[in-house]
Amino acid sequence: MRISQRDIDRYEEMAKYESMLREDGYALIAGVDEAGRGPLAGPVVAAACILPEGETFYGLNDSKKLTERRREALYIEIRRRAVAWAVAMVSNHEIDRINILEATKEAMRQALRSLPVEPDIAVTDAVALKGLDYPVMVETRGDARINAVAAASVLAKVTRDRMMKNWDAVYPIYGFSSHKGYGTREHMNAIRSHGPSPIHRMSFLGKILKDFPKECFDRGVHIEHSVAGDLIARGHTILEHRYAVQQIGEIDFITSRKNTIYVIECKGRGPSSSSFGGVDGILSVSQIERIRSVTMQWLEEHDQTDAQVEMLFAAVNSGRSGEIINIRYLPFS
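Read left to right, the sequence shown gives residues 8 to 340 (the working numbering).
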């Protein structure tokens, strides 16, 4: 990452606020910011970050003003060198239930409570927080004026952008990878044409969907979509959704996480069905053989034949109203 004199000057100017707080006796200063208040789809994500005194993170600024390449580089550096950091999110369903402002506050509180060390003080970007055991300062445009808040802004935005790219693999018709859920013309036209997905914020879509047939609003939980959401929350990158090889078979998901490729088959059972047993009672020998064959085809296509591969069966239990009770991942080979 190339650093200019302007980057250095901005960082030093933004460091003055934290220096002032340290002079007042606050050693551990947590910056807090969010990403995703405005989009029509996906969660709101918040991050909290405590930067080390005396170290520099040149290039920091409001994450929206940074290029994607610079955000990614700073994201790696912040996670590696920060005293502490944490990320939290609140789902689109909860946003619809409590409104976006309250969801943002909840995500910020969760991020602060998830820090491995408790800060002496927190500084947020224009959002007042209650219910914490230390003072919280509210600063307008904090992500462009205070380094710790700018660092939190980077963590939140990169995390959310990566999630929306993952969702693009599950719902390609909406173009989440390009607009990250924001209300572009392309995105709104896709909603009008296809209806909302399970990750859309229904409370944001009133005007867009006012003429849409009501039956298309059905948001019954689909098993694969539930598994996709759980995998993304667990840090998986979705590489394929319903990857098929003609005359052989199809795999529900192929994902990656921590240098491992995961092959995932999904199945759901409602309250009237018998409970899941072992994988042997769910997948036949021939089904497992087909999954292996399709997996090998994918590995060869992507030059990954030497990769570490794990096969998992996602067993999803749901309630009478379709709500997800639990998802268990059972290994098979």
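From the three backbone atoms N, C-alpha and C, an ideal C-beta is built for every residue, glycine too.
Check: From Glu-193 to Val-52, what does the alpha carbon distance come to, in whole angstroms?
Finding: The sequence position of residue 193 within the sequence shown is 186, counting from 1. The sequence position of residue 52 within the sequence shown is 45, counting from 1. Between Glu-193 and Val-52, the C-alpha separation is close to 23 Å.
Note to self: So, at 7 Å on beta carbons, what are the nonlocal neighbours of Ala-114 in its own chain, with the 5 sequence-adjacent residues on each side left out?
What the structure shows: Stepping through the sequence shown from its first residue, residue 114 is reached at position 107. Hits under 7 Å: Glu-41, Val-51, Val-52, Ala-53, Ala-95, Met-96 and Val-97.
Check: If we count Cβ pairs, one from each stretch, closer than 8 Å, do we get three or more for the stretch 25-32 versus the stretch 175-185?
Finding: no
Next item on the list: For the alpha helix (DSSP H) holding Asp-175, just list the boundary residues, first then last.
Entry: The residue labelled residue 175 in the question sits at position 168 within the sequence shown. From DSSP, the alpha helix (DSSP H) with Asp-175 extends over 154-177.
Check: Does the stretch 190-209 touch the stretch 80-92, meaning 3 or more C-beta pairs lie closer than 8 Å?
Finding: no
Margin query: Below 8 Å, how does it come out for the stretch 134-151 and the stretch 56-64: are there three or more Cβ pairs, yes or no?
Written below: no
Check: What are the partner residues of Leu-319, as DSSP defines its beta bridges?
Finding: By 1-based counting over the sequence shown, the position of residue 319 is 312. For Leu-319, which the question treats as bridged, DSSP gives the partners Ile-271 and Pro-338.
Checklist line | Cα-Cα separation between Ile-5 and Lys-187, rounded to whole angstroms | finding: An answer regarding residue 5 cannot be provided, because it is not within the stretch 8 to 340 covered by the chain.
Next item on the list: Report yes if the C-beta distance between Ala-157 and Val-39 is below 7 Å; otherwise report no.
Entry: Counting from 1 along the sequence shown, the entry for residue 157 is found at position 150. Counting from 1 along the sequence shown, the entry for residue 39 is found at position 32. In this structure, Val-39 does not lie closer than 7 Å to Ala-157 by Cβ.
Item checked: Contacts around Phe-224, its chain only, beta-carbon distance under 8 Å, and the 5 residues preceding and following it disregarded -> Numbered from its first residue, the sequence shown carries residue 224 at position 217. At Phe-224, the pLDDT of 38 sits below 50, so the modelled position is not reliable and the matter cannot be decided from this model.
Item checked: Start-end ranges of the beta strand (DSSP E) lying completely within the stretch 84-164, minimum 3 residues -> 91-97, 128-132 and 143-146
Margin query: For a quick check, are the C-beta atoms of Ile-261 and Glu-272 less than 7 Å apart?
Written below: In the sequence shown, the residue the question calls residue 261 occupies position 254. In the sequence shown, the residue the question calls residue 272 occupies position 265. The answer is no: Cβ separation not under 7 Å.
Checklist line | Cutoff 7 Å; reference Ala-118; Cβ partners in own chain excluding five residues on either side | finding: Within the sequence shown, residue 118 is the residue found at index 111, counting from 1. These residues qualify, in order along the chain: Val-39, Ala-53, Ala-54, Ala-55, Ala-93, Val-94 and Ala-95.
Next item on the list: With DSSP collapsed to three states, give me the class of Glu-193.
Entry: Stepping through the sequence shown from its first residue, residue 193 is reached at position 186. Glu-193: helix per DSSP, three-state reduction.
Notebook entry, point to check: chain E beta carbons: is any one of them nearer than 7 Å to that of Val-252?
Noted result: Annotation note: the requested chain E is absent from the structure, which comprises a single protein chain.
Notebook entry, point to check: Any idea which residues DSSP pairs Gly-38 with across the strands?
Noted result: Start at 1 with the first residue of the sequence shown, and residue 38 comes out as number 31. Its beta-bridge partners are Cys-56 and Val-130.
Check: For Ile-258, which three-state DSSP category applies?
Finding: Within the sequence shown, the letter at position 251 stands for residue 258. Strand.
Checklist line | Selection from Gly-182, Tyr-336 and Met-8 that minimises the alpha carbon distance to Arg-77 | finding: Position 70 of the sequence shown, counted from the first residue, corresponds to residue 77. Looking at the Cα atoms, Met-8 is the closest of the given residues.
Next item on the list: Would you identify the three-state DSSP class for Leu-201, choosing helix, strand or coil?
Entry: Indexing the sequence shown from 1 puts residue 201 at position 194. Sequence inspection shows His at residue 201; the Leu mentioned does not correspond to that position. Note: His-201 maps to helix in three-state DSSP.
Next item on the list: Tell me whether Gly-66 is buried or exposed, calling it buried when 16 or more other Cβ atoms sit within 10 Å of its Cβ.
Entry: The residue given as residue 66 occupies position 59 in the sequence shown. Buried, by the Cβ-count rule.
Next item on the list: Could you have a look at His-186 and say whether DSSP puts it in helix, strand or coil?
Entry: If you number the sequence shown from 1, residue 186 lands on position 179. Helix.
Notebook entry, point to check: According to the Cβ coordinates, are Tyr-250 and Ile-258 closer than 7 Å?
Noted result: Residue numbering aside, residue 250 sits at position 243 when the sequence shown is read from its first letter. Residue numbering aside, residue 258 sits at position 251 when the sequence shown is read from its first letter. The answer is yes: Cβ separation under 7 Å.
Checklist line | Cutoff 6 Å; reference Ala-91; Cβ partners in own chain excluding five residues on either side | finding: Counting from 1 along the sequence shown, the entry for residue 91 is found at position 84. So the list reads Ile-57, Leu-122, Pro-123 and Val-124, once near-sequence residues are dropped.
Next item on the list: Closer than 8 Å by C-beta to Arg-226: which residues in its own chain qualify, once you throw out the five before and the five after it? Chain order, please.
Entry: Looking up residue 226 in the sequence shown gives position 219. Per-residue confidence for Arg-226 stands at a pLDDT of 35, beneath the threshold of 50, marking its modelled position as unreliable; the derived number appears in the next sentence. For Arg-226, where only same-chain residues beyond five positions count, the Cβ hits under 8 Å are Pro-203, Pro-205 and Met-209.
Next item on the list: Please classify Gly-43: is it buried, with 16 or more other beta-carbons within 10 angstroms of its beta-carbon, or exposed?
Entry: Indexing the sequence shown from 1 puts residue 43 at position 36. Buried, since its Cβ has 16 or more Cβ neighbours within 10 Å.
Item checked: Reference Gly-20; option with closest CA among Asn-68, Thr-244, Leu-319 and Ser-300 -> What you label residue 20 is simply residue 13 of the sequence shown in a count that begins at 1. Here residue 20 turns out to be Glu, not Gly, going by the sequence shown. For the residues Asn-68, Thr-244, Leu-319 and Ser-300, the minimum Cα distance to Glu-20 belongs to Asn-68.
Check: What residue ranges within the stretch 232-258 form continuous beta strand (DSSP E) runs of no fewer than 3 residues, ordered along the chain?
Finding: 244-252
Note to self: Per the DSSP calculation, Ala-80 is bridged to which residue(s)?
What the structure shows: Residue 80 sits at position 73 when you count from the first residue of the sequence shown. Ala-80 is not bridged to any residue.
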